[in-house]
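**Student:** Just dropping this structure here.
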Amino acid sequence: MIRISFLILALFITGTAIAQKAQHVIIVTIDGFRPDFYEDTSWHTLHLQELVKEGTHALEVNSVFPSVTYPSHTTIVTGVQPATHGVYYNAVFEPEVSTGKIYWNDSSIHSETIWAAARAKGLKVSSLFWPVSADAPVTYNIPDIGSLGEKVREQYSKPLGFVDSLKQEVFGGADRINYGKDENVGKIAAYVIAKDQPNLMTVHLFSVDHAEHTVGRQGDMVKVAISDADSAVGYIMDALKKAGIWKNTVLIVTGDHGFMDVTHNVDPNVWLKQAGLLNDAKSGDWKAQFNSAGGSTYLYLKDPTDQQTLAQVKALLNGLPDSAKAYFRIVDRAEIGKIGGNPEVALALSGENGASFGNDVSGDAIRPGKGGTHGYFPLDFHGIRTGFIAAGPGIKKGGLITQMSLRDIAPTVAKLLRFPFPSAQGSVPAGLLIK
Ligand SMILES: [Zn+2]
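Throughout the sequence shown, residue numbering follows our numbering, covering 52 to 486 in sequence.
Okay, structure coming up:
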């Protein structure tokens, strides 16, 4: 009897040891992903809820400053804050002539990525629609550079002929693929899983963000979008099962930021113009200007050492009536430094009471607004925080993480796939892994 129990115990331990080795990690980000999408069953997210049951989820995940898509996604793949990885916004700040330049190429990232580290370990790596991923060291890639045009996106997609194969083999000979529909991204991910079984794949689903910008946190458009994103996760889960790798895959579903409802648009450059500090940026006639990232905005000084102008801007902001000051708080240089935000700016404003920032220099500085936005200081509101679910070998079943940070994801992936990743500033969240 004792001997049989011992044998069962030995088998149990061996079985656990085998099950704990993940061979694949798939990270799916749902842009604008909020914890309530899996906590509140009135959203139609059966696959996410299944993953919550099977694995560990977080009550909230701290984003970065600004809590916007490109800096956040770059933090997910590097484990460091924007000040270190160098991607401060989605679009590059262009003080005088705006050409719409975005951060798009892997070379914009000044810190090691999990793509490169996993590949250096000899692992198969792929990525789909990930921000700042053009030319990333991965096998299959369609970068998130749709704003540069479909031609450019196809030019940077790999391997050669990938998009054509998708059109033929996945989308029935279609001329164009509607990437804006998350289900289609899910189908593309499923195709890559079937073809290549990547050890590491990052997939960005972006339709939920569009819905939340349009209608805010609630509403039918968000309901449809999150349900579509959930279906995409379902396609990925099915593909992993069909490929026979489900049992040794850790599937992570996370996001880049939460969302806040917008009630007012605030254009602080109007105040700078009125004060004579921003006469005409195009001709170079300016001393200070704000650059908006939605829920926050960043003060640039033409001469970064110009303390007089900085004092003038601070006095101007502090002298505004309370009715205007209700829409922002000043984030000073020390606080920006502490959160690892943009090192080039003199100060920032983070929105309060439904404010969303713009860059206009004329008209009313404060006007009614609608829809939703993000970009706020990531620790100010629960609503701006994102979510995290992980399930698979090595991940605790039914586990709960009270709070974590986007920086913690890269070191977690490195630990699961057993490659060194010393540059990460985050750490594996307590309570996530089976000891
Ligand atoms: Zn986003």
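C-beta: ideal position from N, C-alpha, C; glycine also.
Taking the C-alpha atoms as reference points, what is the distance between GLY306 and LYS175?
**Tutor:** The straight-line gap from Cα to Cα measures roughly 23 Å.
**Student:** Can the beta-carbon of ALA109 be found closer than 8 Å to that of VAL301?
**Tutor:** Not in contact: ALA109 and VAL301 (Cβ atoms no closer than 8 Å).
**Student:** Straight-line CA distance for TRP94 to TYR242?
**Tutor:** Approximately 27 Å, taken between the alpha carbons.
**Student:** From what residue to what residue does the alpha helix (DSSP H) around GLN340 run?
**Tutor:** It is not in any alpha helix (DSSP H) - GLN340 instead sits in the beta strand (DSSP E) that spans 339–343.
**Student:** Hey, would you say the C-beta of GLY83 is under 7 Å away from at least one heavy atom of ligand 1?
**Tutor:** Yes, ligand 1 has a heavy atom inside 7 Å of this Cβ.
**Student:** How about HIS136: is its Cβ closer than 7 Å to a heavy atom in ligand 1?
**Tutor:** No - ligand 1 has no heavy atom lying nearer than 7 Å to the Cβ of HIS136.
**Student:** Per DSSP, which residues does THR300 bridge with? Please list them.
**Tutor:** HIS75, per the DSSP bridge assignment.
**Student:** Relative to ligand 1, is the shortest distance from any of its heavy atoms to the C-beta of ASN119 smaller than 7 Å?
**Tutor:** The sequence given here has Val at residue 119, not Asn. Yes; taking the cut-off as 7 Å, the Cβ of VAL119 has a heavy atom of ligand 1 nearer than that.
**Student:** Just checking HIS75 against ligand 1 - is the residue's beta carbon closer than 7 Å to any of the ligand's heavy atoms?
**Tutor:** For ligand 1, not one heavy atom lies less than 7 Å from the Cβ of HIS75.
**Student:** Taking 7 Å as the cut-off, is the CB of HIS308 close to at least one heavy atom of ligand 1?
**Tutor:** True, at least one ligand heavy atom lies under 7 Å from that Cβ.
**Student:** Is it the case that the region 390–408 contacts the region 213–232, given that we only count it when at least three CB pairs across the two stretches are under 8 Å?
**Tutor:** Counting Cβ pairs under 8 Å, fewer than three are found: no touch.
**Student:** Extract the residue ranges of the alpha helix (DSSP H) inside the region 143–204, only unbroken runs of 4 or more that lie entirely within it.
**Tutor:** Counting whole runs of 4 or more residues, the region 143–204 contains the alpha helix (DSSP H) stretches 165–171.
**Student:** For the region 412–425 and the region 318–338, state whether three or more C-beta atom pairs, one from each stretch, are separated by less than 8 Å.
**Tutor:** The region 412–425 is in contact with the region 318–338.
**Student:** Tell me whether ASN410 sits in a helix, a strand or coil according to DSSP, three-state version.
**Tutor:** Three-state DSSP puts ASN410 in coil, outside helix and strand.
**Student:** Tell me whether the beta-carbon of LEU468 lies closer than 8 Å to the beta-carbon of THR107.
**Tutor:** Going by C-beta atoms, LEU468 is not nearer than 8 Å to THR107.
**Student:** What number of angstroms, rounded off, separates the C-alpha of SER347 from the C-alpha of ALA461?
**Tutor:** One C-alpha to the other measures close to 26 Å.
**Student:** Could you give the residue range of the alpha helix (DSSP H) that holds ASP87?
**Tutor:** Per DSSP, ASP87 belongs to the alpha helix (DSSP H) from 87–90.
**Student:** Buried or exposed: which applies to GLU111, given that a residue is buried once 16 or more other Cβ atoms fall within 10 Å of its Cβ?
**Tutor:** Result: buried.
**Student:** For ASP233, is the beta carbon positioned less than 7 Å from some heavy atom of ligand 1?
**Tutor:** Because no heavy atom of ligand 1 lies under 7 Å away, the Cβ of ASP233 does not count as near it: no.
**Student:** Alpha carbon to alpha carbon, what distance is there between LYS72 and PHE144?
**Tutor:** Roughly 43 Å separates the two Cα atoms.
**Student:** Indicate whether the contact test is met: 3 or more Cβ pairs, each with one atom in the region 177–195 and one in the region 116–129, closer than 8 Å.
**Tutor:** Taking 8 Å as the limit for Cβ pairs, the verdict is that the region 116–129 does touch the region 177–195.
**Student:** In its own chain, which residues sit with a C-beta less than 8 Å from the C-beta of ASP331, not counting the 5 before and 5 after it?
**Tutor:** Around ASP331: TRP337.
**Student:** On the DSSP bridge list, what partners appear for VAL254?
**Tutor:** Paired residues: VAL79 and LEU179.
**Student:** What does a CB cutoff of less than 7 Å around TYR378 pick up in its chain, not counting 5 residues either side in sequence?
**Tutor:** Only HIS315, VAL317, GLY402, GLU403, ASN404, ALA406 and ILE417 meet the Cβ criterion.
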